[in-house]
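Chains as they are written, first to last, in the numbering used here: chain A, 1 to 359; chain B, 360 to 718; chain C, 719 to 1077; chain D, 1078 to 1436.
First comes the structure, then the notes that go with it.
There are 4 protein chains.
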Amino acid sequence: MGNTFGQLFRITTWGESHGGGVGVVVDGCPPRVKLSAADIQPDLDRRRPGQSRIVTPRKETDAVQILSGVFEGRTLGTPISMWVKNEDQRSEAYAEMATKFRPSHADYTYQAKFGIRAWPGGGRTSARETIGRVAAGAIAKKILRERFGVEVLAYVKQVKNLVADVDCAKVKFRDIESNIVRCPDAAMAEKMIRLIERTRNAGDTVGGIIEGVARGVPPGWGEPVFDRLEADLAKAMLSLPASKAFEIGSGFGGILLTGREHNDPFRMKGGKVRTTSNSSGGIQGGISNGEPIYFRVAFKPVATVMHEQDTVSVDLKNTTLKGRGRHDPCVLPRAVPMVEAMTALVLVDHALRHTAQCG
Amino acid sequence: MGNTFGQLFRITTWGESHGGGVGVVVDGCPPRVKLSAADIQPDLDRRRPGQSRIVTPRKETDAVQILSGVFEGRTLGTPISMWVKNEDQRSEAYAEMATKFRPSHADYTYQAKFGIRAWPGGGRTSARETIGRVAAGAIAKKILRERFGVEVLAYVKQVKNLVADVDCAKVKFRDIESNIVRCPDAAMAEKMIRLIERTRNAGDTVGGIIEGVARGVPPGWGEPVFDRLEADLAKAMLSLPASKAFEIGSGFGGILLTGREHNDPFRMKGGKVRTTSNSSGGIQGGISNGEPIYFRVAFKPVATVMHEQDTVSVDLKNTTLKGRGRHDPCVLPRAVPMVEAMTALVLVDHALRHTAQCG
Amino acid sequence: MGNTFGQLFRITTWGESHGGGVGVVVDGCPPRVKLSAADIQPDLDRRRPGQSRIVTPRKETDAVQILSGVFEGRTLGTPISMWVKNEDQRSEAYAEMATKFRPSHADYTYQAKFGIRAWPGGGRTSARETIGRVAAGAIAKKILRERFGVEVLAYVKQVKNLVADVDCAKVKFRDIESNIVRCPDAAMAEKMIRLIERTRNAGDTVGGIIEGVARGVPPGWGEPVFDRLEADLAKAMLSLPASKAFEIGSGFGGILLTGREHNDPFRMKGGKVRTTSNSSGGIQGGISNGEPIYFRVAFKPVATVMHEQDTVSVDLKNTTLKGRGRHDPCVLPRAVPMVEAMTALVLVDHALRHTAQCG
Amino acid sequence: MGNTFGQLFRITTWGESHGGGVGVVVDGCPPRVKLSAADIQPDLDRRRPGQSRIVTPRKETDAVQILSGVFEGRTLGTPISMWVKNEDQRSEAYAEMATKFRPSHADYTYQAKFGIRAWPGGGRTSARETIGRVAAGAIAKKILRERFGVEVLAYVKQVKNLVADVDCAKVKFRDIESNIVRCPDAAMAEKMIRLIERTRNAGDTVGGIIEGVARGVPPGWGEPVFDRLEADLAKAMLSLPASKAFEIGSGFGGILLTGREHNDPFRMKGGKVRTTSNSSGGIQGGISNGEPIYFRVAFKPVATVMHEQDTVSVDLKNTTLKGRGRHDPCVLPRAVPMVEAMTALVLVDHALRHTAQCG
């Protein structure tokens, strides 16, 4: 259970780190959208291990195949099934995972829940699961862009204590992609890269914050009460591996302001109702107000480190475990397309829901 | 749409601030649970306006009626319909709301979405909507306590810059309820109360943080991938009025640690797999690991202030608006039972889901 | 569970035969639809006991109250909560039901499932549950009529072996309502009424067939594969109390034809693609083709008869049971608005789904 | 939309007749069920074209691959992705389908809905879509058999006017599979086969009835109101290609009986509550009562015939169309495993739902 996301633009991901591959089925995609693998592969390449010296070095090409739902270059309105084969299948590299639970991974909890787990590569807990999300998200981003004029972006805002200076209302995709850490503040990006490299060389890992932004969302998307836009975004973000926190608009910082300071006054501008500040993060009462939607997501440092750590074996004895080979020092650069994908999936779903009830 | 929460223990809330009342239908409740209004009213009283000098002074008794689903004092397994009549119906107090959008409220976004809104008292955007959640949450808490041995608590952790010192693993309900701000750190509670009173007297408002905790959750609740326990908690919390942020375990603070520092080592203790720290917040890979689940939710300062603010009228002209009468200086004391309710609803739903697939 | 129907126009019914009442929450209704109790009460009156001499004689006024979701005579887009109080609460009339399972009722299965049951009046198994459906269906019919030009009708096609002659493409509401059995074939209606009266006088009951029709449905509603229009109609109809069978278009009779005979040739007519016959019943591959949608539903004879029958007591001993007082000889006249309601609920849901994906 | 079935044991099918293949993702399968392709292939072989002289002669091996969700021969509790490659890709055989709508197929309605369709082989409307259902159903049947002691069977009850004599309470799988028409009445099976052959030789097609039965279902499965067991079965059956009708227990025939005749008296038998007749078809009030569940499904004659028929072209002109090559004279033998699969999917879903709420 729990492998489906969305109400009307609905995705179901499947697949373990080892085995036949990973994939996704997208149901509810509007018909007649131009679509080919070339629309999807670039985001998978941004998510791919081995793309730069500061991410996990495994070699995976992650070439997507579209198995259904597209005919003569256009979507049919029927389910779009996409599949990426698994390649890098060195189970032996993971042999110790068969007998010991890795600290702060999900080995133990999967075993506790299911009484079985696919230990090679972490099985379903592997970040490979996000391939399906990123592939589906690429379609969602395309629909948002072409049919609704909505642009979705994400970038690294902070690595450990290094905070970038970025204006979410103006940041450009090419600035984000201009460096391997995906931080549009070029000077800070350099520092971040050096910090990640130092951390990797010390056999350790580091976390940080990704900021996501959606520009061009019209007023009116989102549902009152439970399916508020920010609630669905929060769920989407906290469903990403290694995420620990979400804040929208003023977020945790907003509690240091009084109501007078925090409120966003309305003013007419260009014939539209606008706000002169944006503590609300573009959403009020769960519904978009036309301002940029922006939020931040915290990702903890990657759990696999090259140091011996206390743990427990599958036969419930105290033991220790140490990471082997080369490790992933920082998930952030690869998580950027994941944040974009989940944002786009939430938004396109709400776009369709809004059309259904109020359109 | 969007007025239903949960998969197996499913609640649907309804009702506007003015009109026939507010209520909730709970579907999927296990049969034969002892239940009467006396199980529900105490939490509604904790949510009620007018309960103390630091919350909104409106007089509402909020007496719950159970209309269905209970027979001879026990649940039937059929839908439990609960209803609270609206009483305090002075529409005239809200007359200006008919013609002007209140800043940082949802008046404008509802109008933009639906092309209509119930302006008296904010209609569906009123916090009265949470009555249904708190009523349903009281049932969920009872089931968790009696059938699963799980205790759910919440308390005020921070008001503006005043931070309480609380051990989430040990805090007791009676300490939380020992003061009107619902902060178990008695000394800090006094300061918080004074701050709220000063703020109220200045016609302003203040926000803060509520911490929630669930103790006794067995390993194995939660679903991989999208319906992770922390993802569903994040959605639940961000669906509460005025909430802006959610963090679980180490949260945003965890990004200042390295992986070595952040990881939770496993050790055997009393025949059980335990962790010696709890950066994970009791959840790993979306599934509970048996440690206390704890998280924090930020609530912005209440939007209604007693000062003139810029805004826009419904006929799209610039104007100003000033709150009238007595206002609510801080939502936190009343939000505590809301956080408990949403936490319990998430947990009982996952308890049933776990039983279905793995039980 | 199982008390919610629909994806986008979603209804949740609640209530037992005795207790606080019965009701429904409608979520997803489009905003700005003119609505008052006067739109709903007429269908509840058609469903009401005691409306004529051939239905159950209990006196129930079944006056509906709209508690939420409507403001100044128009829907808000928020949940519409509707409630009908229970009045006729003579539990003593049902005392024997506390200790014996009524044959071919759901007393035993509810007890087996839940370990508890509300025996007075059958509790949740009572046909009073359909009040919520009929109330919600009245809204659905209004939307279909006003926004989509779709007309939904149902009528009694057969009582026991008495078969009416009706053209589903032309039948009119006023002809259906011109007699108490709701059969538009006036001559046959007379015979049906006499049969029902004779059966009632013999302390027995009789079943039959209701035919439903939807005219004006445009081509394109319905989903491929599982949520085919006919599949959702079948579920809707088989969810009605006492229903045992569903057939669409040619139905069971179609199997006596060969493919050549059964196929519906396409011809252009008035610039539209039409079929020259309608074995398909207006649906092909789960999607409407623009022709009238028609189907038949079989309702078994009412289970409560005025004769002694073998049964089992709640303490699992063989015993007998005989109905008391005045019984309901035939459910058909009152089931007509139920069939209409469920048809309309299916159609409006698919109308919204179609708009969302393809509109 | 509409490509997912089930609440807790949830399947999503995908795939067109031509293209990458067809498949299914099963989410919610209990963990640790022994599973390999060998459990699934036999049912796919029973569904396969070319399996006998009385079904469509296309050659398809339909070899299933399990891509995820199984580890070391047991289910993981994670999604099970299954895939069957498309092989028989002679698009040219279907060239005329590009320009003309086949009568009583779904070509026109798909075009009307989506504004696009995959015409080769019927695309998503092809019966190949049912491969995913049958594969998922094989898992469902295994779980029902091994964990709940429930046996699901289906067989051909009638071909045109030829009616078999079968006792649904006693019929055996090996008798069903003893002949190519899958009718356990051996004498009638011979006649049916000859009728199908004669019809095929005349370039025509024939329909009939499949009866399904589930034995060993304990009392208590099924939900009140909308998700009644018979309602979900009706939806499941009407979602199968070419199905037109569903009846449970006494069905349409039951309306010729009075209530006295139709009722199923309860009697104690072997310490259990049993009924001495089974007009109810094993379900009362939507919940199983422990008796065999049996129902009948009507399948219309296959639409493709070897005769010229009136139709309309995609550019909306009157024209004619005649089937080419060798056609499928009767869908019934291949529909038997489809009926079993859908029955098993409904039952296993309700088994898990019952466990969740009442278990």
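Idealized CB from N, CA, C, for every residue including glycine.
- Against chain B, a Cβ distance below 8 angstroms from residue 734 of chain C picks out 427, 428, 430, 435, 437.
- Taking the Cα of residue 1425 of chain D as reference, the smallest distance to any Cα among D:1382, D:1132, D:1217, D:1347 is reached at D:1217.
- One Cα belongs to residue 397 of chain B, the other to residue 79 of chain A, and the distance between them is close to 49 angstroms.
- One alpha carbon belongs to residue 651 of chain B, the other to residue 640 of chain B, and they sit about 7 angstroms apart.
- Among the residues facing chain C, residue 320 of chain A is not included, as its CB has no counterpart in that chain under 9 angstroms away.
- Two segments are said to touch when three or more pairs of C-beta atoms, one from each, lie closer than 8 angstroms; by this definition the stretch 1119 to 1130 of chain D does not touch the stretch 5 to 17 of chain A.
- Classified as exposed, residue 418 of chain B has fewer than 16 neighbouring CB atoms from the shown chains inside 10 Å of its CB.
- Residue 1024 of chain C sits close to residue 921 of chain C, with the two beta carbons spaced by under 9 angstroms.
- A direct Cα-Cα distance of roughly 15 angstroms separates residue 138 of chain A from residue 212 of chain A.
- In the structure shown, residue 1312 of chain D adopts helical secondary structure according to DSSP, grouped into three states.
- Listed along chain C, no residue sits closer than 8 angstroms to residue 364 of chain B by beta-carbon distance, the nearest being about 12 angstroms off.
- Chain-order list of chain B residues neighbouring residue 1363 of chain D: empty, with the shortest C-beta distance near 12 angstroms, by a criterion of under 9 angstroms.
- For a Cβ distance threshold of 8 angstroms, residue set 1433, 1434 of chain D lies close to residue 711 of chain B, ordered along the chain.
- Taking a cut-off of 8 angstroms on C-beta distances, the stretch 262 to 278 of chain A does not touch the stretch 581 to 593 of chain B, as fewer than three cross pairs fall below it.
- Look at residue 1434 of chain D here: in three-state DSSP terms it is helix.
- One Cα belongs to residue 872 of chain C, the other to residue 1206 of chain D, and the distance between them is close to 34 angstroms.
- When secondary structure is reduced to three states using DSSP, residue 118 of chain A falls in the coil class, being assigned neither helix nor strand.
- A Cβ of chain A is located within less than 9 angstroms of the beta carbon of residue 1158 of chain D.
- Looking from the CA of residue 1089 of chain D, the closest CA among D:1366, D:1209, D:1189 belongs to D:1209.
- In summary, the residues of the stretch 605 to 621 of chain B whose CB is separated from some CB of chain A by less than 9 angstroms are 605, 606, 607, 608, 609, 610, 611, 612, 613, 614, 615, 616, 617, 618, 619, 620, 621, in the order they occur in the chain.
- Check the Cα spacing between residue 1291 of chain D and each of D:1229, D:1239, D:1133: the tightest is with D:1229.
- The beta strand (DSSP E) runs lying completely inside the stretch 164 to 208 of chain A and spanning 3 residues or more number zero.
- Residue 1113 of chain D counts as exposed, since fewer than 16 other beta carbons sit within 10 angstroms of its beta carbon.
- In the DSSP assignment, residue 681 of chain B falls within the unbroken beta strand (DSSP E) covering 677 to 681.
- In this structure the stretch 1319 to 1337 of chain D touches the stretch 1016 to 1031 of chain C; the number of beta carbon pairs closer than 8 angstroms is three or more.
- Straight through space, the alpha carbons of residue 824 of chain C and residue 1093 of chain D are spaced by roughly 43 angstroms.
- Residue 1100 of chain D carries a strand assignment under DSSP once its states are collapsed to helix, strand and coil.
- Within the same chain, 801 come within 6 angstroms of residue 783 of chain C by CB-CB distance, once the 5 residues on both sides are set aside.
- The C-beta separation of residue 968 of chain C from residue 1234 of chain D comes to about 18 angstroms, leaving the pair out of contact by the 8 angstroms criterion.
- Contact between the stretch 317 to 334 of chain A and the stretch 230 to 238 of chain A is not established, with fewer than three Cβ pairs separated by less than 8 angstroms.
- Residues of the stretch 833 to 850 of chain C with a C-beta less than 8 angstroms from any C-beta of chain D: 833, 842, 843, 847, listed in chain order.
- Going by DSSP, residue 130 of chain A is part of the alpha helix (DSSP H) stretching over 130 to 148.
- For residue 880 of chain C, the pairing in a beta bridge is given by DSSP as C:877.
- The beta carbons of residue 1059 of chain C and residue 854 of chain C sit about 7 angstroms from each other, so the pair counts as a contact at 8 angstroms.
- Contact with chain C is absent for residue 149 of chain A, since none of that chain's Cβ atoms lies less than 9 angstroms from the residue's Cβ.
- Taking CB atoms only, residue 599 of chain B has no neighbour in chain D less than 9 angstroms away.
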